[in-house]
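Novice: I have a structure I would like to understand better, so I am pasting it below and will then ask my questions one at a time.
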Amino acid sequence: EELSAKDSYLALITQLLAEADLDNSGTISWEEFQQTLEDEKMQAFLRSIELDPSEARGLYKLLDVAESDEVPIDEFVTGCFRLKGSGKTLDLASIM
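Taking the working numbering, the leading residue of the sequence shown gets 1193, the next gets one more, and so forth.
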């Protein structure tokens, strides 16, 4: 049951990010990601992985390891699930 919930979250976040990828680059820029934050589904997703939507910039910066302002969608999705329930880790990683 937990796996099917994870699969549905994966499908949802992948779909939301694909729709946000306006230039069809396969990556999400901060500007594109910011626009998805207004979507209730994205806010619900962030809450489901125990992240407050107000922490979205920190999340994005954490996932943008190359500091290119472009995060591949698959890496974004994977990164979100690695951070699930790690709000404190996000805070620590942002400080470092």
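Where is the CB? At the ideal position from N, CA and C, for every residue including glycine.
1) In three-state DSSP terms, what is residue 1241?
2) Measure the alpha-carbon distance for residue 1181 versus residue 1243 and round it to whole angstroms.
3) So, with DSSP's three-state summary, where would you put residue 1257?
4) For the alpha helix (DSSP H) containing residue 1271, name the first residue and the last one.
5) Roughly how many angstroms lie between the CA atoms of residue 1201 and residue 1259, to the nearest whole one?
6) Kindly identify the DSSP beta-bridge partner or partners of residue 1220.
7) Compare the C-alpha of residue 1272 against each of 1216, 1237 and 1261 and name the closest.
Specialist: Walking through what the data contain:
1) If DSSP states are grouped into helix, strand and coil, residue 1241 belongs with coil.
2) Beyond the ends of the chain as shown, which are 1193 and 1288, falls residue 1181; an answer cannot be given.
3) Residue state, collapsed to three classes: coil.
4) Residue range 1265-1275 is occupied by the alpha helix (DSSP H) that includes residue 1271.
5) Those two C-alpha atoms are separated by around 26 Å.
6) Residue 1220 pairs with 1263.
7) Cα-wise, what sits closest to residue 1272 is 1237.
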